[in-house]
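Novice: Numbering (this note's numbering), first residue to last: 1 to 208. Here a beta-carbon is modelled for each residue, glycine too, at the ideal position from N, C-alpha and C. Note that the structure is predicted; figures quoted are calculated from it, not measured.
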Amino acid sequence: MEYRNSKMKIKFLGLLAFFVGASLFFLGCPKGLDENTSAFLFYISSIEPLELASDVCSQSDPVLGCVAITDDIINVSVTGDIKAQFKTQFQGGAPSGSLNNIIMKRYRISFTKISGPPLTPDVPAPIEGAITATIEIPTTVTIDLVAVPNYIKNEEPLVSLRNSPFGPVKTVELRCLATVEIWGIDLSGNTVQTNASFTVRFSDASVQ
1 MEYRNSKMKI KFLGLLAFFV GASLFFLGCP KGLDENTSAF LFYISSIEPL
51 ELASDVCSQS DPVLGCVAIT DDIINVSVTG DIKAQFKTQF QGGAPSGSLN
101 NIIMKRYRIS FTKISGPPLT PDVPAPIEGA ITATIEIPTT VTIDLVAVPN
151 YIKNEEPLVS LRNSPFGPVK TVELRCLATV EIWGIDLSGN TVQTNASFTV
201 RFSDASVQ
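This is the structure we're talking about:
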């Protein structure tokens with residue numbers, strides 16, 4: 001009889017541990033207002049530099065013209081937090097642990113013309129890239145993103161801003177508003193997204 005009671009107690013404790021563990025899991029990674037909405041969010045808290053000077057030619061030769069181009073990098077700080085309507089579930093803040101992570105997956109930067117000469121097209125094509133970074137709620141991480149990859153400086157309209165050793169010196173500048181969008185997922189598989197803007201000045205720095 002004592003043996004049977006001991007087995008029943010063990011089963012009861014095992015079930016209790018399971019339900020406690022399951023409750024902690026769903027508390028650590030809750031759903032939002034519906035099954036496809038995250039209870040967490042992230043936002044871009046800063047971009048450096050806020051005005052990016054993009055040199056369309058990094059090194060020129062008096063005979064060959066442009067012989068080197070480089071990527072332009074921005075530093076983006078991203079902060080994770082709990083949505084306001086769910087903060088009562090986390091009095092004192094979200095418990096630490098991997099269940100509260102947001103995994104950033106990809107980004108996109110698109111350009112809108114502010115000023116500059118008539119060009120075709122008016123602005124560079126949007127930039128897209130992958131991100132491998134994780135934010136634990138509530139913390140901030142800083143990531144480096146390629147804002148202007150070197151290859152688009154060989155394409156229109158940026159190549160038209162470049163100086164030629166055989167032509168007149170160009171002093172034109174294309175100024176754009178750049179919007180960076182970042183997508184990620186929480187540990188329930190819900191998509192989270194944020195965006196912010198900065199400015200870019202495209203020119204051939206050799207004539208500044």
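Count the other CB atoms within 10 Å of the CB of C29; is the residue buried (16 or more) or exposed (fewer)?
Specialist: The residue you call residue 29 lines up with position 29 of the sequence shown. Residue placement at C29 cannot be trusted, given a pLDDT of 40 that sits under 50; the coordinates are not used to answer.
Novice: State the DSSP-derived secondary structure class of L209, mapped to helix, strand or coil.
Specialist: Shown here, the chain extends from 1 to 208; a query on residue 209 therefore has no answer.
Novice: Please return the same chain residues whose Cβ sits closer than 8 Å to the Cβ of L52, not counting the five positions on each side in sequence.
Specialist: Position 52 of the sequence shown, counted from the start, is the residue given in the question as residue 52. Here the set comprises D72, I74, A147, V148, A178, F198, T199, V200, R201.
Novice: Got a sec, what are the start and stop residues for the beta strand (DSSP E) Y107 sits in?
Specialist: Residue 107 sits at position 107 when you count from the first residue of the sequence shown. 101-115 is the span of the beta strand (DSSP E), which, as asked, contains Y107.
Novice: The ligand NAD and I127: does any heavy atom of the ligand fall closer than 8 Å to the residue's C-beta?
Specialist: Summarising the ligand content, the structure contains no ligands, and the ligand NAD is consequently not present.
Novice: Relative to the C-alpha of Q193, which candidate in P121, R106, N101 has its C-alpha closest?
Specialist: Along the sequence shown, one-based indexing puts residue 193 at 193. Nearest C-alpha to Q193: R106.
Novice: For I216, count neighbouring Cβ atoms within 10 angstroms of its own Cβ and tell me buried if that reaches 16, exposed if not.
Specialist: Not covered by the structure: residue 216. The range shown for the chain is 1 to 208.
Novice: Please report the straight-line C-alpha distance between I143 and I131, rounded to a whole angstrom.
Specialist: Along the sequence shown, read from residue 1 onward, the residue named residue 143 stands at position 143. Along the sequence shown, read from residue 1 onward, the residue named residue 131 stands at position 131. Cα to Cα, the separation comes out at about 9 Å.
Novice: Between C66 and V172, what straight-line distance do the alpha-carbon atoms span, to the nearest angstrom?
Specialist: Against the sequence shown, residue 66 aligns to sequence position 66. Against the sequence shown, residue 172 aligns to sequence position 172. Approximately 17 Å, taken between the alpha carbons.
Novice: Return the chain-ordered ranges of every alpha helix (DSSP H) run that is complete within the segment 35-96 and spans a minimum of 4 residues.
Specialist: List check, alpha helix (DSSP H) in window: nothing returned.
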